[in-house]
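Position one of the sequence shown corresponds to residue 1 (UniProt numbering), numbered consecutively onward.
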Amino acid sequence: MENSSLDYRKKLYSQIQEEYGKLVYTYTCHFKMADRLSKRNFWIKWGQIGLSAISTGGFLGVLISNKQILLWAGGLCSTALLALTSYLKDKDISTEKTDHIKTANKLWKVREKYLSLLTDFDEISIEEIVRKRDELLDGSSEIYGAAPLTDGESYAAAQAALKTNEEQFFTQEELNKMLPAHLRKNE
Numbered sequence: 001m002e003n004s005s006l007d008y009r010k011k012l013y014s015q016i017q018e019e020y021g022k023l024v025y026t027y028t029c030h031f032k033m034a035d036r037l038s039k040r041n042f043w044i045k046w047g048q049i050g051l052s053a054i055s056t057g058g059f060l061g062v063l064i065s066n067k068q069i070l071l072w073a074g075g076l077c078s079t080a081l082l083a084l085t086s087y088l089k090d091k092d093i094s095t096e097k098t099d100h101i102k103t104a105n106k107l108w109k110v111r112e113k114y115l116s117l118l119t120d121f122d123e124i125s126i127e128e129i130v131r132k133r134d135e136l137l138d139g140s141s142e143i144y145g146a147a148p149l150t151d152g153e154s155y156a157a158a159q160a161a162l163k164t165n166e167e168q169f170f171t172q173e174e175l176n177k178m179l180p181a182h183l184r185k186n187e
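Okay, structure coming up:
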């Protein structure tokens, strides 16, 4: 293989590695966003239930005990519940969470194709590498174009998960524990 062809292969490999890295970040970011939305939705729903219970209990308590404080507590909780419900009337956190999970699931398939391309890299021609790379870029672009937006907090969580916790990767020891004995690699 001539020198310029070898240099081009190295550049292709670097580009594909970088695209893989960006895709893994985006994939992880969408899962982190979905996780945060799920937690937010959980607390909002429980907040609504709690405010509803206190306001109903407060008004019923006034009927039974005739205590003015219960009327105020019920009224304040009822007002807070109205404000919360008004704020959330045009938001569908559950659907937004599902959209992030769907995006991450689509990205997973592309991520696995990038890994396969990196694995097969030394065994296939430059033309085949370029063709597969272009297909992967087109597929990624299509997913990104339809994806819901994430935020800085989700990006930071993804960054910590990937850099510090190595969340998307396994050590050889971890892999060996997951595999049946006859497929384990001894190192």
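Even glycine gets a Cβ: it sits at the ideal position worked out from N, Cα and C.
Residue environment, S5, which counts as buried when at least 16 other CB atoms sit within 10 Å: exposed
Unbroken stretches of the alpha helix (DSSP H), 4 residues or longer, contained in the segment 104-158: 126-146
Neighbourhood of A23 by C-beta, 7 Å cutoff - its chain only, sequence neighbours within 5 removed: The sequence shown places Leu at residue 23, not Ala. Taken in chain order, the residues that qualify are L107, V110, R111, Y114 and S140.
Cβ-Cβ separation, I124 to L12 (assumed contact under 8 Å), whole Å: 11 Å between Cβ atoms; not a contact.
E167 in three-state terms, based on DSSP: Here E167 sits in coil by DSSP.
Through-space distance from S14 to Y144, alpha-carbon basis: 21 Å
DSSP state of D92 mapped onto helix, strand, coil: D92: coil per DSSP, three-state reduction.
Rounded C-alpha distance that separates N41 from A34: 10 Å
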